[in-house]
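Data first, discussion second: the structure below is written as C-alpha coordinates.
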Amino acid sequence: MTVNVRWLWWLGGLLLLAWLLNALSPILMPFAIASVLAYMGDPLADRLEARGVGRTMSVVLVFSGLSLFSLLMFLITLPLLLDQMQLLVQRLYALVGWLQETALPGLRGFLDLPEQAQPIDTAKEAISKHWDAAGGIFVYVWQKISGSSVAVMTWVANITLIPVVTFYLLRDWDVMMAAIRKLLPRSHEALYVDIARQCDEILGAFARGQFLVMLSLGAIYTVGLFILGLDLALVLGLAAGLASIVPYLGFIVGIAASGLAAYFQFDLSWQLLGVAVVFGIGQLLESLYLTPSLVGDKIGLHPVMVIFAILAGGQLFGFLGILLALPVASVMKVMAGYLHDAYLRSEWYQEGGEIPLVLEDEDED
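Letter by letter, the sequence shown follows residues 744 to 1108 of our numbering.
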(Lines of atoms letter the chains of each structure in order from A and count residues from 1; the text may use other names and numbers.)
(Lines give C-alpha, C1' and ligand atoms only; values in the text may rest on other atoms or scores of the structure.)
Protein backbone atom coordinates (compact mmCIF):
# COMPACT_ATOMS: atom_id res chain seq x y z
CA MET A 1 0.00 0.00 0.00
CA THR A 2 1.45 3.32 -1.04
CA VAL A 3 1.63 6.32 1.23
CA ASN A 4 -1.12 8.15 -0.69
CA VAL A 5 -3.51 5.19 -0.49
CA ARG A 6 -2.76 4.82 3.22
CA TRP A 7 -3.69 8.46 3.83
CA LEU A 8 -6.87 8.02 1.78
CA TRP A 9 -7.82 5.14 4.08
CA TRP A 10 -7.17 7.33 7.11
CA LEU A 11 -9.25 10.16 5.64
CA GLY A 12 -12.07 7.78 4.80
CA GLY A 13 -11.98 6.37 8.32
CA LEU A 14 -12.19 9.84 9.86
CA LEU A 15 -15.11 10.79 7.63
CA LEU A 16 -16.89 7.56 8.53
CA LEU A 17 -16.29 8.22 12.22
CA ALA A 18 -17.70 11.75 11.90
CA TRP A 19 -20.77 10.41 10.11
CA LEU A 20 -21.33 7.74 12.77
CA LEU A 21 -21.00 10.30 15.58
CA ASN A 22 -23.56 12.52 13.89
CA ALA A 23 -25.95 9.63 13.18
CA LEU A 24 -25.69 8.12 16.68
CA SER A 25 -25.52 11.41 18.61
CA PRO A 26 -29.01 10.95 20.17
CA ILE A 27 -27.89 7.78 21.97
CA LEU A 28 -24.22 8.61 22.51
CA MET A 29 -24.85 11.32 25.09
CA PRO A 30 -24.86 9.12 28.24
CA PHE A 31 -21.81 7.21 27.00
CA ALA A 32 -19.88 10.44 26.33
CA ILE A 33 -20.73 11.83 29.77
CA ALA A 34 -19.88 8.50 31.41
CA SER A 35 -16.53 8.39 29.59
CA VAL A 36 -15.65 11.88 30.84
CA LEU A 37 -16.60 10.95 34.41
CA ALA A 38 -14.65 7.68 34.24
CA TYR A 39 -11.59 9.48 32.88
CA MET A 40 -11.75 12.02 35.70
CA GLY A 41 -12.22 9.36 38.37
CA ASP A 42 -9.57 6.90 37.17
CA PRO A 43 -6.59 8.61 38.93
CA LEU A 44 -8.41 8.40 42.29
CA ALA A 45 -9.13 4.72 41.75
CA ASP A 46 -5.49 4.12 40.74
CA ARG A 47 -4.26 5.78 43.95
CA LEU A 48 -6.49 3.61 46.11
CA GLU A 49 -5.42 0.54 44.14
CA ALA A 50 -1.76 1.44 44.71
CA ARG A 51 -2.42 1.38 48.46
CA GLY A 52 -3.60 -2.21 48.33
CA VAL A 53 -7.32 -1.72 47.75
CA GLY A 54 -8.81 -3.95 45.07
CA ARG A 55 -9.83 -2.38 41.78
CA THR A 56 -13.52 -3.08 42.20
CA MET A 57 -13.55 -1.78 45.78
CA SER A 58 -11.57 1.30 44.70
CA VAL A 59 -14.13 2.00 42.01
CA VAL A 60 -16.98 1.49 44.49
CA LEU A 61 -15.41 3.98 46.92
CA VAL A 62 -14.72 6.60 44.23
CA PHE A 63 -18.12 6.11 42.61
CA SER A 64 -19.94 6.29 45.96
CA GLY A 65 -18.05 9.42 46.98
CA LEU A 66 -18.74 11.21 43.71
CA SER A 67 -22.40 10.15 43.76
CA LEU A 68 -22.88 11.31 47.36
CA PHE A 69 -21.21 14.64 46.65
CA SER A 70 -23.34 15.18 43.53
CA LEU A 71 -26.53 14.28 45.41
CA LEU A 72 -25.76 16.64 48.28
CA MET A 73 -24.92 19.48 45.91
CA PHE A 74 -28.13 18.83 43.99
CA LEU A 75 -30.33 18.80 47.10
CA ILE A 76 -28.67 21.90 48.53
CA THR A 77 -28.52 24.05 45.42
CA LEU A 78 -31.74 23.05 43.61
CA PRO A 79 -34.21 24.88 45.91
CA LEU A 80 -32.02 27.99 45.94
CA LEU A 81 -31.51 27.79 42.20
CA LEU A 82 -35.25 27.50 41.55
CA ASP A 83 -35.98 30.58 43.67
CA GLN A 84 -33.21 32.60 42.10
CA MET A 85 -34.22 31.67 38.56
CA GLN A 86 -37.70 32.98 39.31
CA LEU A 87 -36.14 36.15 40.69
CA LEU A 88 -33.87 36.41 37.65
CA VAL A 89 -36.90 36.47 35.37
CA GLN A 90 -38.42 39.29 37.41
CA ARG A 91 -35.16 41.24 37.27
CA LEU A 92 -34.89 40.76 33.51
CA TYR A 93 -38.41 42.09 33.14
CA ALA A 94 -37.49 45.10 35.29
CA LEU A 95 -34.31 45.63 33.25
CA VAL A 96 -36.29 45.72 30.01
CA GLY A 97 -38.64 48.26 31.58
CA TRP A 98 -35.73 50.43 32.71
CA LEU A 99 -34.18 50.35 29.26
CA GLN A 100 -37.47 51.36 27.69
CA GLU A 101 -38.48 54.07 30.15
CA THR A 102 -35.13 55.57 31.13
CA ALA A 103 -32.08 54.55 29.12
CA LEU A 104 -33.44 54.68 25.56
CA PRO A 105 -35.36 57.97 25.91
CA GLY A 106 -32.27 59.62 27.37
CA LEU A 107 -30.06 58.20 24.62
CA ARG A 108 -32.55 59.25 21.95
CA GLY A 109 -32.64 62.79 23.30
CA PHE A 110 -28.86 62.98 23.54
CA LEU A 111 -28.38 61.76 19.96
CA ASP A 112 -31.47 63.58 18.65
CA LEU A 113 -32.94 60.39 17.17
CA PRO A 114 -36.53 60.22 15.86
CA GLU A 115 -39.25 58.25 17.63
CA GLN A 116 -39.72 54.77 16.25
CA ALA A 117 -41.09 51.38 17.16
CA GLN A 118 -39.40 49.91 20.17
CA PRO A 119 -37.90 46.42 19.81
CA ILE A 120 -37.80 46.52 23.62
CA ASP A 121 -41.60 46.17 23.63
CA THR A 122 -41.29 42.87 21.80
CA ALA A 123 -38.69 41.60 24.27
CA LYS A 124 -40.81 42.67 27.21
CA GLU A 125 -43.90 40.94 25.84
CA ALA A 126 -41.88 37.79 25.13
CA ILE A 127 -40.54 37.64 28.68
CA SER A 128 -44.01 38.21 30.11
CA LYS A 129 -45.60 35.61 27.85
CA HIS A 130 -43.08 32.82 28.16
CA TRP A 131 -41.96 33.23 31.77
CA ASP A 132 -44.83 34.64 33.80
CA ALA A 133 -47.38 32.33 32.21
CA ALA A 134 -45.19 29.27 32.64
CA GLY A 135 -44.24 30.11 36.20
CA GLY A 136 -40.49 29.99 35.70
CA ILE A 137 -37.77 28.47 33.60
CA PHE A 138 -37.82 25.00 35.13
CA VAL A 139 -41.59 24.72 34.91
CA TYR A 140 -41.47 25.93 31.32
CA VAL A 141 -38.76 23.44 30.33
CA TRP A 142 -40.51 20.61 32.16
CA GLN A 143 -43.76 21.34 30.32
CA LYS A 144 -41.93 21.17 27.02
CA ILE A 145 -40.26 17.90 27.93
CA SER A 146 -43.34 16.29 29.44
CA GLY A 147 -45.32 17.09 26.29
CA SER A 148 -43.94 13.91 24.78
CA SER A 149 -43.94 10.61 26.65
CA VAL A 150 -41.18 9.32 24.36
CA ALA A 151 -38.99 12.30 25.24
CA VAL A 152 -39.57 11.71 28.95
CA MET A 153 -38.72 8.01 28.65
CA THR A 154 -35.59 8.80 26.65
CA TRP A 155 -34.51 11.42 29.17
CA VAL A 156 -35.02 9.06 32.13
CA ALA A 157 -33.20 6.23 30.33
CA ASN A 158 -30.22 8.47 29.57
CA ILE A 159 -30.00 9.72 33.15
CA THR A 160 -30.19 6.13 34.43
CA LEU A 161 -27.54 4.89 32.01
CA ILE A 162 -24.92 7.46 33.01
CA PRO A 163 -24.03 6.04 36.48
CA VAL A 164 -24.24 2.44 35.24
CA VAL A 165 -21.93 3.01 32.27
CA THR A 166 -19.61 5.16 34.40
CA PHE A 167 -19.16 2.36 36.95
CA TYR A 168 -18.23 -0.28 34.37
CA LEU A 169 -15.96 2.04 32.40
CA LEU A 170 -14.18 3.11 35.57
CA ARG A 171 -13.75 -0.49 36.70
CA ASP A 172 -12.29 -1.66 33.38
CA TRP A 173 -10.50 1.56 32.36
CA ASP A 174 -6.95 0.24 32.78
CA VAL A 175 -7.85 -3.03 31.05
CA MET A 176 -9.26 -1.15 28.06
CA MET A 177 -6.19 1.08 27.82
CA ALA A 178 -3.89 -1.96 27.92
CA ALA A 179 -5.94 -3.69 25.21
CA ILE A 180 -5.76 -0.62 22.97
CA ARG A 181 -1.98 -0.44 23.45
CA LYS A 182 -1.62 -4.06 22.33
CA LEU A 183 -3.27 -3.14 19.02
CA LEU A 184 -0.67 -0.49 18.21
CA PRO A 185 1.82 -1.34 15.44
CA ARG A 186 5.05 -2.48 17.08
CA SER A 187 7.22 -0.35 14.80
CA HIS A 188 5.53 2.89 15.92
CA GLU A 189 4.38 1.94 19.41
CA ALA A 190 6.76 4.36 21.15
CA LEU A 191 5.55 7.26 18.99
CA TYR A 192 1.87 6.53 19.57
CA VAL A 193 2.40 6.05 23.29
CA ASP A 194 4.18 9.41 23.45
CA ILE A 195 1.31 11.07 21.59
CA ALA A 196 -1.18 9.45 23.95
CA ARG A 197 0.86 10.61 26.96
CA GLN A 198 0.87 14.21 25.77
CA CYS A 199 -2.86 14.07 25.03
CA ASP A 200 -3.45 12.69 28.51
CA GLU A 201 -1.43 15.52 30.05
CA ILE A 202 -3.47 18.14 28.22
CA LEU A 203 -6.81 16.43 28.78
CA GLY A 204 -6.00 15.65 32.39
CA ALA A 205 -5.00 19.22 33.09
CA PHE A 206 -8.20 20.50 31.57
CA ALA A 207 -10.77 17.84 32.50
CA ARG A 208 -9.58 17.52 36.09
CA GLY A 209 -7.64 20.69 36.81
CA GLN A 210 -9.79 23.22 34.99
CA PHE A 211 -12.94 21.61 36.38
CA LEU A 212 -11.64 22.14 39.92
CA VAL A 213 -10.69 25.72 39.04
CA MET A 214 -14.21 26.37 37.74
CA LEU A 215 -15.75 24.78 40.83
CA SER A 216 -13.51 26.76 43.16
CA LEU A 217 -14.15 30.07 41.41
CA GLY A 218 -17.88 29.41 41.36
CA ALA A 219 -17.81 28.82 45.12
CA ILE A 220 -15.67 31.93 45.75
CA TYR A 221 -17.90 34.16 43.65
CA THR A 222 -21.11 32.73 45.14
CA VAL A 223 -19.95 33.12 48.75
CA GLY A 224 -18.61 36.62 48.11
CA LEU A 225 -21.81 37.82 46.43
CA PHE A 226 -23.89 36.18 49.16
CA ILE A 227 -21.94 38.10 51.82
CA LEU A 228 -22.70 41.31 49.91
CA GLY A 229 -26.39 40.44 50.13
CA LEU A 230 -26.95 40.04 46.40
CA ASP A 231 -30.22 38.20 45.75
CA LEU A 232 -28.89 36.43 42.65
CA ALA A 233 -25.62 35.33 44.28
CA LEU A 234 -25.97 31.62 43.44
CA VAL A 235 -27.00 32.07 39.80
CA LEU A 236 -24.37 34.72 39.07
CA GLY A 237 -21.61 32.89 40.97
CA LEU A 238 -22.25 29.57 39.21
CA ALA A 239 -22.50 31.28 35.81
CA ALA A 240 -19.19 33.08 36.36
CA GLY A 241 -17.56 29.83 37.49
CA LEU A 242 -18.78 27.94 34.41
CA ALA A 243 -17.67 30.77 32.13
CA SER A 244 -14.17 30.40 33.59
CA ILE A 245 -13.68 27.48 31.21
CA VAL A 246 -12.26 30.26 29.00
CA PRO A 247 -9.57 32.32 30.79
CA TYR A 248 -10.83 35.74 31.92
CA LEU A 249 -14.30 35.16 30.45
CA GLY A 250 -15.75 34.25 33.84
CA PHE A 251 -14.26 37.37 35.37
CA ILE A 252 -15.58 39.65 32.61
CA VAL A 253 -19.06 38.12 32.45
CA GLY A 254 -19.34 37.79 36.22
CA ILE A 255 -18.29 41.30 37.18
CA ALA A 256 -20.48 42.87 34.47
CA ALA A 257 -23.61 40.86 35.32
CA SER A 258 -23.09 41.09 39.09
CA GLY A 259 -22.39 44.82 38.90
CA LEU A 260 -25.61 45.34 36.96
CA ALA A 261 -27.57 43.20 39.41
CA ALA A 262 -26.07 45.08 42.37
CA TYR A 263 -26.98 48.42 40.79
CA PHE A 264 -30.62 47.43 40.32
CA GLN A 265 -30.84 45.98 43.84
CA PHE A 266 -28.87 48.56 45.84
CA ASP A 267 -28.56 51.52 43.43
CA LEU A 268 -25.25 53.41 43.74
CA SER A 269 -23.82 51.99 46.97
CA TRP A 270 -20.78 50.29 48.45
CA GLN A 271 -22.01 46.92 47.13
CA LEU A 272 -20.85 47.94 43.66
CA LEU A 273 -17.32 48.28 45.00
CA GLY A 274 -17.81 45.01 46.87
CA VAL A 275 -18.60 43.22 43.60
CA ALA A 276 -15.32 44.47 42.13
CA VAL A 277 -13.46 43.31 45.25
CA VAL A 278 -15.05 39.82 45.13
CA PHE A 279 -14.13 39.22 41.50
CA GLY A 280 -10.72 40.81 41.97
CA ILE A 281 -9.96 38.39 44.81
CA GLY A 282 -11.22 35.48 42.70
CA GLN A 283 -9.06 36.48 39.75
CA LEU A 284 -6.04 36.92 42.02
CA LEU A 285 -6.51 33.48 43.59
CA GLU A 286 -6.95 31.93 40.16
CA SER A 287 -3.77 33.48 38.78
CA LEU A 288 -1.52 32.94 41.81
CA TYR A 289 -2.77 29.65 43.24
CA LEU A 290 -5.66 27.79 41.55
CA THR A 291 -4.39 27.57 37.98
CA PRO A 292 -0.68 26.97 38.83
CA SER A 293 -1.47 24.26 41.39
CA LEU A 294 -4.46 22.53 39.74
CA VAL A 295 -3.81 22.98 36.01
CA GLY A 296 -0.14 23.92 35.72
CA ASP A 297 1.32 24.65 32.29
CA LYS A 298 0.07 21.49 30.59
CA ILE A 299 -3.15 22.79 29.10
CA GLY A 300 -1.62 24.58 26.11
CA LEU A 301 -4.95 25.50 24.50
CA HIS A 302 -5.27 29.13 23.44
CA PRO A 303 -8.47 30.82 24.71
CA VAL A 304 -9.56 31.51 21.11
CA MET A 305 -9.06 27.80 20.35
CA VAL A 306 -11.23 26.87 23.32
CA ILE A 307 -14.04 29.18 22.20
CA PHE A 308 -13.86 28.01 18.57
CA ALA A 309 -13.77 24.32 19.54
CA ILE A 310 -16.86 24.63 21.75
CA LEU A 311 -18.83 26.59 19.14
CA ALA A 312 -17.78 24.30 16.28
CA GLY A 313 -18.56 21.16 18.27
CA GLY A 314 -21.99 22.46 19.20
CA GLN A 315 -22.73 23.49 15.62
CA LEU A 316 -21.70 20.12 14.16
CA PHE A 317 -22.90 17.62 16.76
CA GLY A 318 -25.02 19.52 19.28
CA PHE A 319 -24.41 18.99 22.99
CA LEU A 320 -22.40 15.85 22.26
CA GLY A 321 -20.07 17.99 20.18
CA ILE A 322 -19.68 20.44 23.06
CA LEU A 323 -18.62 17.57 25.35
CA LEU A 324 -16.12 16.21 22.83
CA ALA A 325 -14.88 19.57 21.52
CA LEU A 326 -12.02 20.17 23.93
CA PRO A 327 -10.72 16.56 23.98
CA VAL A 328 -10.66 16.56 20.18
CA ALA A 329 -9.00 19.99 20.12
CA SER A 330 -6.35 18.75 22.56
CA VAL A 331 -5.58 15.72 20.39
CA MET A 332 -5.44 17.89 17.28
CA LYS A 333 -3.01 20.24 19.03
CA VAL A 334 -0.67 17.36 19.87
CA MET A 335 -0.90 15.98 16.33
CA ALA A 336 -0.26 19.44 14.89
CA GLY A 337 2.88 19.65 17.03
CA TYR A 338 4.18 16.36 15.62
CA LEU A 339 3.35 17.39 12.06
CA HIS A 340 5.13 20.68 12.66
CA ASP A 341 8.25 18.88 13.90
CA ALA A 342 8.13 16.45 10.97
CA TYR A 343 7.88 19.36 8.56
CA LEU A 344 10.90 21.10 10.11
CA ARG A 345 12.92 17.87 9.79
CA SER A 346 11.81 17.24 6.22
CA GLU A 347 14.04 17.58 3.17
CA TRP A 348 11.36 19.74 1.56
CA TYR A 349 11.79 22.35 4.31
CA GLN A 350 15.57 22.09 4.52
CA GLU A 351 16.58 21.34 0.94
CA GLY A 352 13.42 21.44 -1.18
CA GLY A 353 12.84 17.68 -1.05
CA GLU A 354 9.69 15.73 -0.24
CA ILE A 355 7.51 16.16 2.84
CA PRO A 356 7.46 13.04 5.05
CA LEU A 357 3.84 11.87 5.27
CA VAL A 358 4.58 9.29 7.96
CA LEU A 359 5.77 10.47 11.35
CA GLU A 360 8.92 8.83 12.60
CA ASP A 361 10.05 8.06 16.12
CA GLU A 362 12.67 10.36 17.55
CA ASP A 363 14.95 7.36 18.12
CA GLU A 364 15.03 6.66 14.37
CA ASP A 365 16.44 10.13 13.49
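Yeah, the Cβ is synthetic: ideal placement off N, Cα and C, and Gly gets one too.
As the structure is a computational prediction, the values presented were derived from the model and not from experiment.
How is residue i classed by DSSP in three states: helix, strand or coil?
i, result
"residue 860", "For residue 860, the pLDDT reaches just 46, beneath the cut-off of 50, and the residue's location in the model is therefore unreliable, leaving the point undetermined."
"residue 1010", "coil"
"residue 810", "helix"
"residue 1046", "helix"
"residue 930", "helix"
"residue 1032", "helix"
"residue 795", "coil"
"residue 826", "helix"
"residue 1090", "helix"
"residue 785", "helix"
"residue 915", "coil"
In or out: residue i buried (at least 16 other Cβ within 10 Å) or exposed?
i, result
"residue 756", "exposed"
"residue 762", "exposed"
"residue 1127", "In the structure displayed, the chain extends from 744 to 1108; residue 1127 sits before or after that span and is not available."
"residue 758", "exposed"
"residue 963", "buried"
"residue 982", "buried"
"residue 922", "exposed"
How about residue i and residue j: do their beta carbons lie closer than 7 Å?
i, j, result
"residue 977", "residue 823", "yes"
"residue 945", "residue 1073", "yes"
"residue 776", "residue 902", "no"
"residue 912", "residue 781", "yes"
"residue 1005", "residue 1014", "yes"
"residue 1158", "residue 994", "As shown, the chain starts at 744 and ends at 1108. That puts residue 1158 outside it, with no answer to give."
"residue 975", "residue 831", "yes"
"residue 956", "residue 1033", "yes"
"residue 785", "residue 916", "yes"
"residue 1002", "residue 980", "no"
"residue 942", "residue 1071", "no"
"residue 1060", "residue 765", "yes"
"residue 914", "residue 802", "yes"
Are the region 808–827 and the region 931–944 touching, with three or more C-beta to C-beta distances below 8 Å? no
* **Given 8 Å, three or more beta-carbon pairs between the region 1054–1071 and the region 764–778** => yes
*Inter-stretch contact at 8 Å, needing at least 3 Cβ pairs: the region 945–954 / the region 978–986*: no
Original post:
Is the number of C-beta pairs between the region 1015–1024 and the region 958–973 that are closer than 8 Å three or more?
Top reply: yes
Quick one: which unbroken alpha helix (DSSP H) runs of 4-plus residues sit fully inside the region 944–1007? Chain order, please. 954–971 and 976–986
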